[in-house]
Amino acid sequence: MDSYIIESNKKKSRMPARLDFLQSGTGLILGLFMWVHMLLVGSIIFGKAAFNFVAKTMELAFLSDTGQGFPIAVFFAVLTIFTLFITHALLGVRKFPISWKQHRILRDQMQMMNHSDTNLWYIQVVTGFLMFFAGSVHLYIMLTNPGSIGPYMSADRIISGNMWPLYLILLICVELHGTIGLYRLCMKWGWFSGKDAKKSRQTLKKMKNRATIFFMTIGILALLVFVVIGIKHRDRAGERYSKHAAAVEHVQAKEAIPAKEEIQALEEGQEKKEAHEPKETQPADVTKQ
Ligand code: HEM
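Residues in the sequence shown are numbered from 573 upward in steps of one, following our numbering.
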């Protein structure tokens, strides 16, 4: 009873509300950043030159006389995002079920209610947990290699550096987590809510699903293009993209076509020759004599 009186006399702490606000703010910035990030990475779909232009622009190459760029600019950008990412994740951990028993109760209640927004919250918990590991690996690599972004270096990292499984998991998680997060923010703070709450919720959900499909498609296509470039570039892994390197690749591809055609023609000629040659005569059956 004493403890109850002490508790009720205590001034209500504003901390939980502040932490919630901070989580929403960092989530909003990260969610919008991921959309821009996906569009920038997606430039690889338009070719190596397009991605190279984006990478060089991010390195502020237009400010240098040599066109070399300043990887330190990327370093500070990654440092900022990494700080927001860790802050957001630590704030999110507060809401995780911390024991198997809590998890079991949560799952039972979810099954009982079958409420779609609660199910979305659960997807966010699971994808957030996976992203804590996969996202940290990606960000650490970017932080320690800020000058290694380019069509060949990125593709080599994905294939020769075996990063593609991690990127695939991260891509699925980030697209689900990001769009669900932005949808939940809109619901929580009442953004874009019209007069009819039910209708607004349905519209927002439709937009969320479309955004997930759109960014997931860009991500998968980009990853596929990186995989193709990385496989072709395996023998020269580590080489930077330059006009010279692109020209060498172009010439090699052109040379490879006539060589292929020549081999094919030779094989066809051989087949024709074999078809026209008289069949070997059967040896005489000596047993019949
Ligand atoms: C400023 C911070 C960031 C930079 C500079 C950056 C840069 C890049 C680059 C250059 C790639 C292409 C592959 C490579 O070079 O390794 C990439 C791919 C990717 N990044 Fe980031 N990234 C950042 C933050 C993040 C964050 C916070 C996440 C999510 C937690 C993320 C998720 C991904 C995913 C899923 C891919 C694969 C996309 C695909 O291939 O379709 N990135 N990132």
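Where is the CB? At the ideal position from N, CA and C, for every residue including glycine.
Since the model is a prediction, treat every value here as computed from it, not as a measurement.
Report the three-state DSSP secondary structure of residue i (helix, strand or coil).
i: Arg-782; result: helix
i: Arg-666; result: coil
i: Thr-638; result: coil
i: Ile-677; result: helix
i: Lys-767; result: coil
i: Thr-723; result: Correcting the residue type first, residue 723 is Pro in the shown sequence and not Thr. Looking at Pro-723 - three-state DSSP - the assignment turns out to be helix.
i: Lys-628; result: helix
i: Glu-747; result: helix
i: Lys-620; result: helix
i: His-687; result: coil
i: Gly-762; result: coil
i: Gly-597; result: helix
i: Arg-586; result: coil
i: Asp-592; result: helix
i: Pro-643; result: helix
i: Gly-733; result: coil
i: Ser-615; result: helix
i: Ser-671; result: coil
Expressed to the nearest angstrom, what Euclidean distance is found between the alpha-carbon atoms of residue i and residue j?
i: Gln-785; j: Leu-740; result: One point to set straight first is that residue 785 is Ile, not Gln, in the sequence displayed. The alpha-carbon atoms of Ile-785 and Leu-740 are separated by roughly 15 Å.
i: Phe-623; j: Phe-705; result: 27 Å
i: Ala-818; j: Val-797; result: 16 Å
i: Gln-854; j: Ala-847; result: Its pLDDT being 48, under 50, Gln-854 is placed unreliably by the model, and nothing is read from it.
i: Gly-603; j: Gln-595; result: 12 Å
i: Glu-661; j: Gly-597; result: The sequence as given places Ala at residue 661; Glu does not occur at that position. Cα to Cα, the separation comes out at about 12 Å.
i: Ser-708; j: Met-630; result: 21 Å
i: Ser-584; j: Ala-809; result: Before going on, a small fix: residue 584 reads as Lys here, not Ser. Approximately 59 Å, taken between the alpha carbons.
i: Ala-627; j: Met-703; result: 24 Å
i: Met-735; j: Arg-729; result: 6 Å
i: Phe-634; j: Gly-641; result: 7 Å
i: Asp-857; j: Asp-807; result: Any reading at Asp-857 needs caution, since the residue's pLDDT is 48, under 50, leaving its predicted position unreliable; the model's value is listed next. About 58 Å.
i: Arg-666; j: Ala-589; result: 13 Å
i: Gly-719; j: Lys-777; result: 39 Å
i: Leu-743; j: Ile-617; result: 16 Å
i: Thr-638; j: Leu-632; result: 12 Å
i: Asn-781; j: Thr-789; result: 12 Å
i: Glu-811; j: Ser-636; result: 22 Å
i: Phe-625; j: Cys-758; result: 35 Å
i: Leu-591; j: Leu-692; result: 21 Å
i: Gln-842; j: Gly-802; result: 36 Å
i: Leu-663; j: Met-606; result: 19 Å
i: Pro-643; j: Gly-762; result: 40 Å
i: Phe-764; j: Ala-783; result: 16 Å
i: Gln-683; j: Lys-620; result: 48 Å
i: Gln-774; j: Leu-600; result: 21 Å
i: Ser-772; j: Gly-753; result: 17 Å
i: Thr-659; j: Asp-768; result: 35 Å
i: Met-587; j: Ile-721; result: 40 Å
i: Ile-731; j: Gln-681; result: 43 Å
i: Ala-837; j: Val-823; result: 22 Å
i: Glu-852; j: Glu-827; result: With a pLDDT of only 48 at Glu-852, under 50, the local geometry of the prediction cannot be trusted, and the value read off the model is given with reservation. For Glu-852 and Glu-827, the distance between alpha carbons rounds to 40 Å.
i: Lys-804; j: Ala-825; result: 10 Å
i: Leu-738; j: Val-646; result: 21 Å
Any beta-carbon of chain D closer than 8 Å to the one on residue i?
i: Ile-730; result: Here there is only one protein chain, and chain D is not present.
Exercise for review: Specify whether the segment 683-703 and the segment 734-749 touch according to this definition: at least 3 beta carbon pairs, one from each stretch, less than 8 Å apart.
Suggested key: yes
Review point. In the segment 785-851, which residue ranges form an unbroken alpha helix (DSSP H) of at least 4 residues, counting only runs that do not cross its ends?
Key: 815-848
Review point. Is the segment 596-616 touching the segment 676-684, taking contact as three or more C-beta pairs under 8 Å?
Key: no
Review point. Does the pairing of the segment 710-718 with the segment 651-659 give three or more beta-carbon distances under 8 Å?
Key: yes
Exercise for review: Decide yes or no for the touch test of the segment 719-727 against the segment 683-690: beta carbon pairs closer than 8 Å, at least 3 of them.
Suggested key: no
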